[in-house]
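Residue numbers (the working numbering), protein chains in the order written: chain A, 1 to 113; chain B, 114 to 224.
Positions of the beta carbon are idealized from the N, C-alpha and C atoms, including for glycine.
Here is the structure we will look at.
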């Protein structure tokens, strides 16, 4: 009965490849997010998405794109992977209310060879 | 630009002591404040939320908010080695549901 689940947990791939990370939440939340956490542990927002709008952090390269088939899923596609993309990627969800905390998935550790 | 500042630490305290973690924020319109705990290799988990000035207690944890001085703190009483983790402060401004996270403070509780 995991609340926010993301797959895969580990992803090791070559530079230049295209990969996807999947995320699903069963909390009934209407907003989902993708975060990148680098080696210094800084949690950086990449995208926020609900059924009305997609908010993109302008510093995120356009090689990264979110895809949401429905409000319970927000997948992350990454094209032409680069060494600097190595990090842990967290999916999260919340109700669209500034008083509501976020619930995080277990993370996907992406390593680029 | 909205900023949330935390001392990266590590903050080292002996077992049984009070650990005090601090966070300052730049946006005076901030209305919601959260503390997350993140163990090494794990995801952040919510431990406290606070919305109004003053103290909020939950077990060994107390969150303190002072909007006039723009800081929020987390006190952990009777610290245990299992409290050793990184503590992330997150702040939501009014009207925005996207929080700004601080860089986190590493806490080490030694026996």
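Span of the beta strand (DSSP E), counted from its first residue to its last, around residue i
i: residue 205 of chain B; result: 198-206
i: residue 15 of chain A; result: Neither: residue 15 of chain A is in no beta strand (DSSP E) and is coded neither H nor E.
i: residue 22 of chain A; result: 19-25
i: residue 191 of chain B; result: Premise fails: residue 191 of chain B is in no beta strand (DSSP E) and is neither H nor E.
i: residue 73 of chain A; result: 73-78
i: residue 167 of chain B; result: 167-171
i: residue 133 of chain B; result: 132-138
i: residue 179 of chain B; result: 174-179
Local Cβ density within 10 Å of residue i, reported as buried at 16 or more and exposed below that
i: residue 53 of chain A; result: exposed
i: residue 36 of chain A; result: buried
i: residue 212 of chain B; result: buried
i: residue 196 of chain B; result: buried
i: residue 168 of chain B; result: exposed
i: residue 181 of chain B; result: exposed
Those residues which DSSP pairs with residue i across a bridge
i: residue 143 of chain B; result: B:206
i: residue 122 of chain B; result: In DSSP, residue 122 of chain B forms no bridge with anything.
i: residue 56 of chain A; result: A:47
i: residue 142 of chain A; result: Outside the displayed range of chain A (1 to 113) lies residue 142 of chain A, so it cannot be described from this structure.
Per-residue contacts from residue i into chain B (C-beta, under 7 Å)
i: residue 111 of chain A; result: Per Cβ cutoff of 7 Å: no residues; residue 111 of chain A is ~14 Å from chain B at best.
Beta-carbon neighbours of residue i, restricted to chain A and to distances below 7 Å
i: residue 217 of chain B; result: 41
Per-residue contacts from residue i into chain B (C-beta, under 8 Å)
i: residue 94 of chain A; result: 210
i: residue 48 of chain A; result: 210 and 211
i: residue 31 of chain A; result: 210
Cross-chain neighbours of residue i in chain A, by beta carbon under 8 Å
i: residue 159 of chain B; result: 101, 102 and 103
i: residue 165 of chain B; result: Going along chain A, no residue has its Cβ under 8 Å from residue 165 of chain B, so there is no contact; the nearest lies around 11 Å.
Residue i: contacting residues in chain B (beta-carbon distance under 9 Å)
i: residue 28 of chain A; result: Those do not exist, as residue 28 of chain A stays about 15 Å from chain B at its closest Cβ, beyond 9 Å.
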